[in-house]
Amino acid sequence: MNRRELLFGALAIPAAAVLRLQRHGAAHALDEPSGVIRAGEIPPWKVNQAGYLPGAAKRAMLTLRPPAAGFELTSAENDTPVYRGRLAPPRRDDDSGDWVQDADFSAFQSSGRFRLRANGAAASFPFAIGAGVYEPVFRLAARFFYGQRCGTAVALGGRFAAYQHPPCHLRAGYDPSSGRRGTNQDRGGWHDAGDYGRYLVNGGITTATLMWAAEMFPAARRVRLDIPESGAGAPDLLHEARWNLQWMLCLQDRDGGVWQKQTSRVFAPFIMPQDDRMISYVIGTGEAPYKSTGATAGLAAAAAIAARLWRPFDPAFARRCETAALEAWRWLRRFPDVTFRNPPGIHTGEYGDPQLGDERLWAAAEIWRATGNEECHAYFREHYAPYAAQLPRFSPPSWGEVAALGLWSYALAGKSRGPRPDPSIAAAIEDATGAAADALVERTAGNGYRIPLRARDYVWGSNGIAANAAMQLLIAHCLRPRPAYAEMALETLHYLLGRNTFALCYLTGAGSRAVQRPHHRPSVADGLAAPWPGMLAGGPNRWRQDAAMQTFLPANLPPARNYMDNHAAYSCNEVAINWNAPLVFVLAANLRES
Ligand code: G3I
Ligand code: 9MR
Ligand code: ZN
Numbered sequence: 037m038n039r040r041e042l043l044f045g046a047l048a049i050p051a052a053a054v055l056r057l058q059r060h061g062a063a064h065a066l067d068e069p070s071g072v073i074r075a076g077e078i079p080p081w082k083v084n085q086a087g088y089l090p091g092a093a094k095r096a097m098l099t100l101r102p103p104a105a106g107f108e109l110t111s112a113e114n115d116t117p118v119y120r121g122r123l124a125p126p127r128r129d130d131d132s133g134d135w136v137q138d139a140d141f142s143a144f145q146s147s148g149r150f151r152l153r154a155n156g157a158a159a160s161f162p163f164a165i166g167a168g169v170y171e172p173v174f175r176l177a178a179r180f181f182y183g184q185r186c187g188t189a190v191a192l193g194g195r196f197a198a199y200q201h202p203p204c205h206l207r208a209g210y211d212p213s214s215g216r217r218g219t220n221q222d223r224g225g226w227h228d229a230g231d232y233g234r235y236l237v238n239g240g241i242t243t244a245t246l247m248w249a250a251e252m253f254p255a256a257r258r259v260r261l262d263i264p265e266s267g268a269g270a271p272d273l274l275h276e277a278r279w280n281l282q283w284m285l286c287l288q289d290r291d292g293g294v295w296q297k298q299t300s301r302v303f304a305p306f307i308m309p310q311d312d313r314m315i316s317y318v319i320g321t322g323e324a325p326y327k328s329t330g331a332t333a334g335l336a337a338a339a340a341i342a343a344r345l346w347r348p349f350d351p352a353f354a355r356r357c358e359t360a361a362l363e364a365w366r367w368l369r370r371f372p373d374v375t376f377r378n379p380p381g382i383h384t385g386e387y388g389d390p391q392l393g394d395e396r397l398w399a400a401a402e403i404w405r406a407t408g409n410e411e412c413h414a415y416f417r418e419h420y421a422p423y424a425a426q427l428p429r430f431s432p433p434s435w436g437e438v439a440a441l442g443l444w445s446y447a448l449a450g451k452s453r454g455p456r457p458d459p460s461i462a463a464a465i466e467d468a469t470g471a472a473a474d475a476l477v478e479r480t481a482g483n484g485y486r487i488p489l490r491a492r493d494y495v496w497g498s499n500g501i502a503a504n505a506a507m508q509l510l511i512a513h514c515l516r517p518r519p520a521y522a523e524m525a526l527e528t529l530h531y532l533l534g535r536n537t538f539a540l541c542y543l544t545g546a547g548s549r550a551v552q553r554p555h556h557r558p559s560v561a562d563g564l565a566a567p568w569p570g571m572l573a574g575g576p577n578r579w580r581q582d583a584a585m586q587t588f589l590p591a592n593l594p595p596a597r598n599y600m601d602n603h604a605a606y607s608c609n610e611v612a613i614n615w616n617a618p619l620v621f622v623l624a625a626n627l628r629e630s
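Here the sequence shown is numbered in the numbering used here, starting from 37 and rising by one per residue.
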């Protein structure tokens, strides 16, 4: 055992802990145990490191003992003060344990680069105020998906030219759990996360979120992402979503059902994708009907959205998607409740969901909206009510809880062309959505860092929960505009981009102090110092579901502090397509029109 593995900064790691790590199979990953963020190294100013919009509310947080009275905004070029304000009295943020003072400089609306200063504190990182501050961040976060492409060569180009790989995962076959045997030609899609698996359920919500962003925000259709399809006649963001959707269509069987995933049988080690020579197997439930309801509903919903949005650009592809969605629906009527658990011998991600009523509801809503299909409309009318009633109590949508997406799509249909929703149902959904959004607004205003997360939301993927909450507010804003909804969505963006207890930008490649060591195989294996850009880390997870967090983090941290920037800590520092997508959505909503 390497002596370095036994030492962790000033902390000596007991040999027993390292052994425990080895048993978990993670010791190889801990060649350089670092990434625990110590209180003394955290800057006192917490700002959105990417910047603020001139006309929007602008707040930063200061954590300083003893507290300061006033603050200054100074030019980042010559340090001239341009604005002075009073700091709010310190308030305790229970989830992080911080005493936080608000610096509100909303009244200052000029563009430029600035810093915040207060007596007794080092100056903040420089940040921009400008109408276009989120466009480069949007591009970064949206191009993440291109970097996750599987089965093809990837090259980020430009200043990221070093980030590239040749085609990967070209060997495909059927695992016996799929009910089939032999090889197949199923390729493409995106690597799900830090692993190289591809999963239908997660692909469904992710492609849907990106397609909605392209549909709802004209500016998001304009930004060029420099992907192979750029300039090919449709918005780049739609093309990117289509890349994954085409792979999802490959996983639909002739009977309309869809297999759960295509992965190797175990996770690959930390190697580049082209070096992972394991076969990517189509994996099923292990017994008839082999396909799963969650995967089939995910494809049905996403393909229905694609059918609707691709009609003007590529009618043939739109028809193919419509047929796939309708065939998936027929399968769902036969098999409404086939849950998925990993069959014996399969150890990759599960995305197993025991409750599938919300998936069926979402599929019905999207198919009806895309086609006017009467059976789907009837299904939706019969089943929506309990979900609408619970909406104000739901967490934001996630891979396992998609009822809200179905409800919103139904109500949003009233605002666009196509089949008309029943007005009383649409109104009930709008009411519930408003009540849910009001609760998020209230939580945001009451939270020290102005986010809607509660202590119990610091779970695996908490940053995804935050981003989805912001998306939820923006959808509420589309249905029933209220300035507070759009404002509070921005507050969560500030949190993700640096205005948090660690003064850490959770998006790689953005800001001044961003995540350095995410759980992402190419970032570890490529030998480059900086990780791949544009990736949102999972975020604080109070349950510490990996050996690195359990071993290296001090005991009894407040919920929001359960995070370390180490690639072995996959339960707080992995990246994933379904967390990046709502971030892209929120950034899309805040692009400048031009
Ligand atoms: O919400 C509950 C909370 O109520 C409960 O108190 C708490 C304590 O157990 O758990 C919370 O649920 C957590 C859930 O994520 C929240 O979505 C579970 O603990 C946690 O185990 C679960 O983690 C999932 C993880 O896979 C492990 O299955 C993540 O949602 C999911 O995003 C993640 O997905 C993985 C894929 O399997 C493989 N590819 C990478 C991807 C990202 O890490
Ligand atoms: O890399 C895997 C990641 O994508 C998953 O989210 C995580 C939980 O399923 O597992 C990771 O793989 C680890 C495995 O579970 C245990 N052995 C070490 C693997 C890499 O750290
Ligand atoms: Zn691949």
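Idealized CB from N, CA, C, for every residue including glycine. All of these numbers come straight from a predicted model, not from anything done at the bench.
Checklist line | Coil, strand or helix - T528 by DSSP | finding: Collapsing the DSSP output to three states places T528 in a helix.
Note to self: Once DSSP output is grouped into helix, strand and coil, what is the label at M600?
What the structure shows: Strand at M600.
Note to self: Run the Cβ filter for me: residues under 5 angstroms from any heavy atom of the ligand ZN, listed in the order they occur in the chain.
What the structure shows: Put simply, the residues with a CB less than 5 angstroms from any heavy atom of the ligand ZN are C186, C204, H205, P309, in chain order.
Item checked: R453 - DSSP class collapsed to helix/strand/coil -> Three-state DSSP puts R453 in coil, outside helix and strand.
Margin query: Suppose you measure from the CA of Q282 to the CA of G91; what does that come to, to the nearest Å?
Written below: Straight-line Cα distance between these residues: approximately 40 angstroms.
Next item on the list: Mind reading off the beta-carbon distance from G575 to S498? Whole number of angstroms is fine, and I expect it under 8 angstroms.
Entry: About 4 angstroms separates the two Cβ atoms, so the contact holds.
Check: Thinking C-beta only, is C286 closer than 9 angstroms to D211?
Finding: Contact flag unset, no.
Check: Smallest Cα separation from P125: which of R557, Y542, S160, P103?
Finding: Nearest of R557, Y542, S160, P103 to P125, Cα basis: P103.
Check: Whole alpha helix (DSSP H) runs in the region 541–608 with 4 or more residues, listed along the chain?
Finding: Entirely contained in the region 541–608, the alpha helix (DSSP H) runs reaching 4 residues are, in chain order, 557–561, 583–588.
Check: Which one or two residues does DSSP pair with D311 in a beta bridge?
Finding: Residue pairing of D311 in beta bridges, as defined by DSSP: absent, with no partner found.
Check: Taking 8 angstroms as the cut-off, is the CB of A612 close to at least one heavy atom of the ligand G3I?
Finding: The answer is yes for A612.
Item checked: Rounded separation between W135 and R175 - CA only -> Going by the C-alpha atoms only, they are around 34 angstroms apart.
Item checked: Helix, strand or coil at Q296 according to DSSP, with G and I counted as helix -> Coil, per DSSP.
Notebook entry, point to check: Under the criterion of a Cβ to heavy atom distance below 8 angstroms, does F303 qualify as lining the ligand 9MR?
Noted result: Yes, since a heavy atom of the ligand 9MR falls inside the 8 angstroms radius drawn around the Cβ of F303.
Notebook entry, point to check: Three or more beta-carbon pairs under 8 angstroms between the region 397–415 and the region 364–380, yes or no?
Noted result: Yes, since at least three Cβ pairs between the region 397–415 and the region 364–380 fall closer than 8 angstroms, the two stretches touch.
Check: Hey, how far is the Cα of L627 from the Cα of A520?
Finding: If you take the alpha carbons of L627 and A520, they lie about 18 angstroms apart.
Item checked: Residues bridged to V611 [DSSP beta-bridge criterion] -> In DSSP, V611 forms a bridge with A573.
Check: Does the Cβ of Q12 have 16 or more other Cβ atoms within 10 Å, making it buried, or fewer, making it exposed?
Finding: The structure shown has nothing for residue 12, since the chain only spans 37 to 630.
Item checked: Closest Cα partner of R369 within the set G193, G293, R377, D130 -> Considering only alpha carbons, the answer is G293.
Margin query: With distance defined between alpha-carbon atoms, name the residue in D467, E402, I487 nearest to P455.
Written below: Ranking D467, E402, I487 by Cα distance to P455 puts E402 first.
Check: Nearest-angstrom Cα distance between H205 and R313?
Finding: Counting only the Cα atoms, R313 lies some 7 angstroms from H205.
Check: If you compare alpha carbons, which of E437, R518, G224 is closest to G393?
Finding: Cα-wise, what sits closest to G393 is E437.
Notebook entry, point to check: Excluding five sequence neighbours on each side, which residues of the same chain lie with their C-beta closer than 8 angstroms to the C-beta of G187?
Noted result: Excluding residues within five positions, the ones whose Cβ falls inside 8 angstroms are P203, C204, H205, L206, R223, G224, G225, W283.
Notebook entry, point to check: By the 10 Å Cβ neighbour count, where 16 or more other Cβ atoms means buried, how is E276 classified, buried or exposed?
Noted result: When all chains shown are included, E276 counts as buried.
Item checked: Cβ pair count under 8 angstroms reaching 3, the region 550–559 against the region 106–123 -> Counting C-beta pairs with one atom in each stretch, the region 550–559 and the region 106–123 have fewer than three that are closer than 8 angstroms, which means they do not touch.
Check: How many angstroms separate the CA atom of N598 from the CA atom of N614?
Finding: In a straight line, the C-alpha of N598 is about 21 angstroms away from that of N614.
Check: In terms of alpha-carbon separation, which member of R405, W579, G388, P567 lies closest to Q200?
Finding: Nearest option by C-alpha distance: P567.
Note to self: Out of A343, G388, P325, which one is the CA nearest neighbour of R216?
What the structure shows: Ranking the options by Cα distance to R216, first place goes to P325.
Note to self: At the level of alpha carbons, what is the spacing between N238 and D129?
What the structure shows: Here the alpha carbon of N238 sits roughly 33 angstroms from the alpha carbon of D129.
Checklist line | For I78, three-class secondary structure by DSSP | finding: DSSP, read as helix, strand or coil, puts I78 in coil.
Checklist line | Local Cβ density within 10 Å of S460, reported as buried at 16 or more and exposed below that | finding: With fewer than 16 Cβ atoms within 10 Å of its Cβ, S460 is classed as exposed.
Check: Just the Cα atoms here: how many angstroms apart are L441 and Q508?
Finding: For L441 and Q508, the distance between alpha carbons rounds to 9 angstroms.
Notebook entry, point to check: What are the start and end residues of the beta strand (DSSP E) that includes I165?
Noted result: It spans 163–165 - the beta strand (DSSP E) in which I165 sits, taken as one unbroken run.
Notebook entry, point to check: Do R453 and W346 have their C-beta atoms within less than 9 angstroms of each other?
Noted result: No, these two residues do not count as a Cβ contact at 9 angstroms.
Notebook entry, point to check: Taking DSSP as the reference, what is the three-state secondary structure of L109?
Noted result: Here DSSP, grouped into helix, strand and coil, assigns L109 to strand.
Notebook entry, point to check: Do the region 471–486 and the region 420–439 make contact, defined as three or more Cβ pairs closer than 8 angstroms?
Noted result: Result yes; three or more Cβ-Cβ pairs closer than 8 angstroms.
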